[in-house]
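Going by numbering that gives the first Met the number 0, 270 is the number at position 271 of the sequence shown; the sequence numbering is gapless. Heads up, the beta-carbon is just placed ideally off N, CA and C, and yes, glycines get one too.
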Amino acid sequence: MKILLLGKNGQVGWELQRALQPLGEVLSLDRSVDKNGLSGDLADFDQIKATIDAVRPDIIVNAAAYTAVDKAETDRENADLINHLAVRHLAECCANQKILLIHYSTDYVFNGKGVQAWSEGDETDPVNLYGSTKRLGEIALEYGGCEFINFRTSWVYGSHGNNFIKTMLKLASTREELSIIHDQIGAPTGAALIADVTAQALKFYSLGSESQKRNLLGHYHLAASGECSWFEYASFIFDLAKEKGQTLAIQKVRAIETIEYPTPAKRPLNSRLNTTKLRTNFKLHLPNWKLGVAQVLEEIIK
Ligand code: NDP
Numbered sequence: 000m001k002i003l004l005l006g007k008n009g010q011v012g013w014e015l016q017r018a019l020q021p022l023g024e025v026l027s028l029d030r031s032v033d034k035n036g037l038s039g040d041l042a043d044f045d046q047i048k049a050t051i052d053a054v055r056p057d058i059i060v061n062a063a064a065y066t067a068v069d070k071a072e073t074d075r076e077n078a079d080l081i082n083h084l085a086v087r088h089l090a091e092c093c094a095n096q097k098i099l100l101i102h103y104s105t106d107y108v109f110n111g112k113g114v115q116a117w118s119e120g121d122e123t124d125p126v127n128l129y130g131s132t133k134r135l136g137e138i139a140l141e142y143g144g145c146e147f148i149n150f151r152t153s154w155v156y157g158s159h160g161n162n163f164i165k166t167m168l169k170l171a172s173t174r175e176e177l178s179i180i181h182d183q184i185g186a187p188t189g190a191a192l193i194a195d196v197t198a199q200a201l202k203f204y205s206l207g208s209e210s211q212k213r214n215l216l217g218h219y220h221l222a223a224s225g226e227c228s229w230f231e232y233a234s235f236i237f238d239l240a241k242e243k244g245q246t247l248a249i250q251k252v253r254a255i256e257t258i259e260y261p262t263p264a265k266r267p268l269n270s271r272l273n274t275t276k277l278r279t280n281f282k283l284h285l286p287n288w289k290l291g292v293a294q295v296l297e298e299i300i301k
C-alpha cells in the first residue's frame, strides 16, 4: 500500500507520520518542495497534480487545512482556497486515478444548537466562515466522484503544535485568576488518537471485500468519549499539572459564558459528536478524553 500524506507538520499530520508507517510505504509532504521536486502545497493545483502523478499513491491522507478560525473571518479567500477549492481539486485527482482520499473536517459544520450529540446525517449549518469553508470541502468530496472517508473531529490537541493545553499552562504560570468559557461543550480529542484511528480504519478497510469497502466510505464523527466545557478542560489541566509537581500561579478559575468573551468568529455551543457509526463500522473503542489529555500534559511538562 502506498500512502501520500499531506500536511505532515500539523498536529494531526505529525502523528500520522508515525501511525501510518506500519501500513506500507508512506511519503509525507508539507507545502515546501522536497529534494525530488515533490510538494504538498494545496494552493498550487498544478504542483499537487504533478506530485500525485509522480507518486501514484493508493491512498492520499489530507491533514492540511486552513485552521485559523478567527483569522478566517477576514481572510475568506485563503480559507476557501485551502478548505474548499483545494479539496475539490484533490477529489478530482483522486477520482481520475481511483485513489482513496482520507480527509478531516470539524464539528463546526453544525450550528451548535440543542444538547444532543450530532450524528453524521444531521443537517449542517456552520456559524462561522471556517466552518462554512470546511463544509464546502465536504460537499466537494460528496460530489467529486472519488472514494473518500472524512473524519469530523473536535477540539484537537497534541504534543506537537500550539493548542489549548499549552496556552493554559503558559497563562497559569503567571496569572492568579483566569476566566474560561463554561457553556461550550465538546470532547478534547488527541491528534495521536485521530492518527491511530485513521490507521486502524485504513487497515480494516484494506481487508474488506469490494462491497464492504464501498459501505465503509463516507463521513464519520471521531472524538474521544465523554464531554466537558472549556472551563472543565482547563480545571482538569491545572489540577493535574499541580499534582505532577508544576508550580502554577493560578488560584482561581472563573466559569463564564461565551457571550462574555467575544471573538471574531462565533463558536457553536454544542460540539458533541455522536461516534456510534465510527465505533460500529470499524469496530473501534474510543477512550475518555481525560486519558489522552493526561498523557500529552505529561509530555509537555517533561
Ligand atoms: P494544524 O493547524 O495543526 O495543521 C494544519 C496544517 O496544514 C499545517 O501544517 C499547515 O502548514 C498546513 N497547511 C496550511 N495551508 C497549507 C497549504 N496551502 N498547503 C499545504 N499545507 C498547508 O491543524 P490540525 O492538525 O489541528 O487539524 C487537522 C484537521 O483537523 C484539519 O482538517 C482541521 O480542519 C481539522 N480539525 C481541527 C481542529 C482543531 O481544534 N485544531 C478541530 C476540528 C477539526 P503550515 O504550518 O505550513 O501553515
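Given the structure, does residue i come close to the ligand NDP, in the sense that its CB is under 6 angstroms from one of the ligand's heavy atoms?
| i | result |
| --- | --- |
| GLY111 | no |
| TYR103 | yes |
| GLN10 | yes |
| THR152 | yes |
| THR132 | no |
| VAL155 | yes |
| LEU19 | no |
| ASP40 | yes |
| GLY291 | no |
| ALA81 | Per the sequence presented here, residue 81 reads as Ile, with Ala not at that position. At least one heavy atom of the ligand NDP is nearer than 6 angstroms to the Cβ of ILE81, so yes. |
| ALA191 | no |
| GLY185 | no |
| ARG87 | no |
| GLY136 | no |
| ALA198 | no |
| GLY36 | no |
| ALA194 | no |
| ARG30 | yes |
| THR50 | no |
How about residue i: is its Cβ closer than 6 angstroms to a heavy atom in the ligand PLP?
| i | result |
| --- | --- |
| TYR232 | Looking for the ligand PLP in the displayed structure turns up nothing; the ligands present are the ligand NDP. |
Is the beta carbon of residue i less than 7 angstroms from the beta carbon of residue j?
| i | j | result |
| --- | --- | --- |
| HIS181 | ALA254 | yes |
| GLU226 | ALA186 | yes |
| ALA191 | GLU14 | yes |
| GLY6 | ALA62 | yes |
| TRP117 | LEU272 | yes |
| LYS133 | ASP57 | no |
| LEU100 | VAL54 | no |
| PRO267 | GLY111 | yes |
| MET167 | ILE236 | yes |
| ALA194 | ALA64 | no |
| VAL252 | LEU177 | yes |
| ILE148 | CYS92 | no |
| LYS212 | TYR204 | yes |
Report back the beta-carbon spacing between residue i and residue j to the nearest angstrom; my notes put them in contact at under 8 angstroms.
| i | j | result |
| --- | --- | --- |
| THR105 | GLY130 | 6 angstroms |
| ALA240 | ILE179 | Actually they do not touch by this definition, with Cβ atoms about 15 angstroms apart. |
| LEU217 | GLY189 | Here residue 217 turns out to be Gly, not Leu, going by the sequence shown. Actually they do not touch by this definition, with Cβ atoms about 23 angstroms apart. |
| LEU128 | ARG75 | 6 angstroms |
| VAL292 | ILE164 | 7 angstroms |
Can you check DSSP and say which residues form a bridge with residue i?
| i | result |
| --- | --- |
| LYS251 | GLU176 |
| SER316 | Lying outside 0 to 301, the shown extent of the chain, residue 316 is not represented and no answer is given. |
| LEU201 | In the DSSP output, where bridge partners are listed per residue, LEU201 has none listed. |
| VAL61 | Note on identity: in this sequence residue 61 is Asn, with Val being the wrong assignment. DSSP, once it has assigned bridges, lists LEU5 and HIS102 as partnering ASN61. |
| VAL25 | ILE2 |
| HIS218 | ASN149 |
| VAL32 | SER38 |
| TRP117 | LEU272 |
| VAL155 | THR188 |
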